[in-house]
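Number of protein chains: 2
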Amino acid sequence: MTSEDSLDALIDALVRSTFQVTSVLTRIGAENDLSLTQLRVLGILRDRRPRVTELAAHLGLDKSTMSGLVDRAERRGLLARDRNPHDGRAVDVFLTPAGRELTQRLDVEIRRALAPTLGRLRPEQREQLVGLLEPLLGPADAD
Amino acid sequence: MTSEDSLDALIDALVRSTFQVTSVLTRIGAENDLSLTQLRVLGILRDRRPRVTELAAHLGLDKSTMSGLVDRAERRGLLARDRNPHDGRAVDVFLTPAGRELTQRLDVEIRRALAPTLGRLRPEQREQLVGLLEPLLGPADAD
DNA sequence: TTGACATGGTTCGTATTACCAACCATCCTG
DNA sequence: CAGGATGGTTGGTAATACGAACCATGTCAA
Numbered sequence: 001m002t003s004e005d006s007l008d009a010l011i012d013a014l015v016r017s018t019f020q021v022t023s024v025l026t027r028i029g030a031e032n033d034l035s036l037t038q039l040r041v042l043g044i045l046r047d048r049r050p051r052v053t054e055l056a057a058h059l060g061l062d063k064s065t066m067s068g069l070v071d072r073a074e075r076r077g078l079l080a081r082d083r084n085p086h087d088g089r090a091v092d093v094f095l096t097p098a099g100r101e102l103t104q105r106l107d108v109e110i111r112r113a114l115a116p117t118l119g120r121l122r123p124e125q126r127e128q129l130v131g132l133l134e135p136l137l138g139p140a141d142a143d
Numbered sequence: 001m002t003s004e005d006s007l008d009a010l011i012d013a014l015v016r017s018t019f020q021v022t023s024v025l026t027r028i029g030a031e032n033d034l035s036l037t038q039l040r041v042l043g044i045l046r047d048r049r050p051r052v053t054e055l056a057a058h059l060g061l062d063k064s065t066m067s068g069l070v071d072r073a074e075r076r077g078l079l080a081r082d083r084n085p086h087d088g089r090a091v092d093v094f095l096t097p098a099g100r101e102l103t104q105r106l107d108v109e110i111r112r113a114l115a116p117t118l119g120r121l122r123p124e125q126r127e128q129l130v131g132l133l134e135p136l137l138g139p140a141d142a143d
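As given, the protein sequences belong to chains A and B, one line each in that order.
Here the working numbering is used: the first residue of the first sequence is 1, the next is one more, and so on.
Here the working numbering is used: the first residue of the second sequence is 1, the next is one more, and so on.
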């Protein structure tokens with residue numbers, strides 16, 4: 001097996017696992033009336049208080065798109081806006097208590113959904129897998 | 001480290017790698033005026049000739065959504081519809097030569113985009129990673 | 001200090017994605 | 001062959017996403 005082949009096989013496996021995980025996340029989002037993007041927004045806000053533009057950059061979206069997403073989530077009471085005290089132009093976004101509660105519930109559901117499959121690996125295999133994935137990941141960002 | 005912890009760490013890594021791969025696929029799709037969903041449609045049609053409903057099931061979409069997606073891609077000349085000879089109700093979908101050509105180009109771009117990161121792994125690590133991912137994947141489906 | 005330019009957000013217009021319900025055509029079964 | 005099941009399209013609605021235009025605030029240089 002050449003180095004080319006092993007790369008091709010890896011890309012295939014990685015893309016497949018990507019779609020598989022995405023489908024789980026999409027399903028859990030849908031069960032809670034959240035799009036995959038909204039799910040990611042909540043995930044990012046879990047331990048951050050970014051301004052609208054930062055949020056957009058994190059997700060690779062236009063700021064106008066972000067504005068709408070924040071609007072709808074705010075109307076649902078999941079998050080809130082606040083003027084940034086150091087920059088009158090900027091608007092900080094953060095989870096409301098309700099949003100935090102939902103986020104935690106989603107976290108549990110996601111773990112519950114993925115556990116059966118991943119649990120098929122022996123603990124040392126899991127650590128091995130994490131060890132192989134870690135160096136491939138960009139700067140921390142969780143879900 | 002308990003078994004719980006190793007599972008949590010694995011889920012985090014997997015979800016992060018999912019978003020990272022998704023962002024690459026989304027970017028390459030966008031550069032070719034394709035949504036992630038359309039990208040997946042092309043990927044599925046690469047080696048299949050499913051009916052509309054099968055395609056929808058593969059992607060976890062409603063058949064009406066599928067109808068629209070096929071419409072637009074057909075209008076762009078990427079794929080075509082044909083009555084299924086064995087079932088007058090069913091409509092088979094398949095790539096046109098132009099669609100096949102685009103799909104191959106996308107394939108190259110995707111590999112080119114992911115190679116730098118994955119190339120950081122030594123060949124035996126790649127094989128190890130594939131070996132760990134394989135058993136987690138559902139029945140074959142590629143991209 | 002005050003223009004001029006840059007940055008942060010929102011709003012508007014448009015296309016796409018996605019769902020559901022309703023519908024028509026074809027198939028299958030009793 | 002009548003009735004129900006299946007496959008697909010259509011129409012209605014909401015969310016997602018982009019770009020362009022716009023306003024407010026910030027920054028820098030003359």
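Yeah, the Cβ is synthetic: ideal placement off N, Cα and C, and Gly gets one too.
Taking only the alpha-carbon atoms, compute the straight-line gap between residue i and residue j and give it to the nearest angstrom.
i	j	result
T22/A	L78/B	25 Å
R75/A	G88/B	48 Å
P85/A	L55/A	18 Å
Q128/B	G119/A	18 Å
A115/A	R83/B	42 Å
A73/A	E124/B	45 Å
G99/A	R105/B	42 Å
E134/B	P135/A	20 Å
Identify, in the order they occur along the chain, each residue of the same chain with its Cβ nearer than 8 Å to the Cβ of residue i, setting aside the five sequence neighbours on each side.
i	result
R49/B	D92, V93 and F94
Q63/B	The sequence shown places Lys at residue 63/B, rather than the Gln named in the question. If we look at K63/B and ignore the five residues flanking it on each side, its Cβ neighbours are V52, T53 and A56.
D71/A	none
L102/B	N32, L42 and L78
L59/B	T37, R40, V41, I44 and M66
V108/A	none
Quick one: residues in its chain with C-beta nearer than 7 Å to the C-beta of residue i, no 5 flanking neighbours on either side, listed in chain order?
i	result
I35/B	According to the sequence displayed, residue 35/B carries Ser and not Ile. Excluding residues within five positions, the ones whose Cβ falls inside 7 Å are G29.
L69/B	T37, Q38 and V41
T96/B	G77, L78, L79 and A80
List the endpoints of the continuous beta strand (DSSP E) containing residue i.
i	result
R83/B	L79 to R83
D92/A	V91 to L95
Just confirm the distance between the C-beta atoms of residue i and residue j, as a whole number of angstroms; I'd bet it's less than 8 Å.
i	j	result
S6/A	R126/B	5 Å
I11/A	R111/B	6 Å
L137/B	A13/A	7 Å
L121/B	L132/A	7 Å
A172/B	V130/A	For chain B, the structure presents residues 1 to 143; residue 172/B sits outside this window and is missing.
Starting from residue i, trace the alpha helix (DSSP H) both ways and give me its first and last residue.
i	result
D33/A	Neither: D33/A is in no alpha helix (DSSP H) and is coded neither H nor E.
Residues in the region 11-23 of chain A with C-beta within 8 Å of chain B's C-beta atoms, listed in sequence order?
Residues passing the 8 Å Cβ filter: I11, D12, A13, L14, V15, R16, S17, T18, F19, Q20, V21, T22 and S23.
For the region 22-54 of chain B, which residues have a CB atom closer than 8 Å to at least one CB atom of chain A, in sequence order?
Flagged, chain order: T22, S23, L25, T26, R27 and R40.
Against chain A, which members of the region 116-139 of chain B pass a CB distance test of less than 8 Å?
Here the close residues are T117, L118, G119, R120, L121, P123, Q125, R126, E127, Q128, L129, V130, L132, L133, E134, P135, L136, L137 and G138.
Short-range partners of chain B found in the region 80-91 of chain A, where Cβ spacing is below 8 Å:
The region 80-91 of chain A vs chain B, Cβ under 8 Å: nothing.
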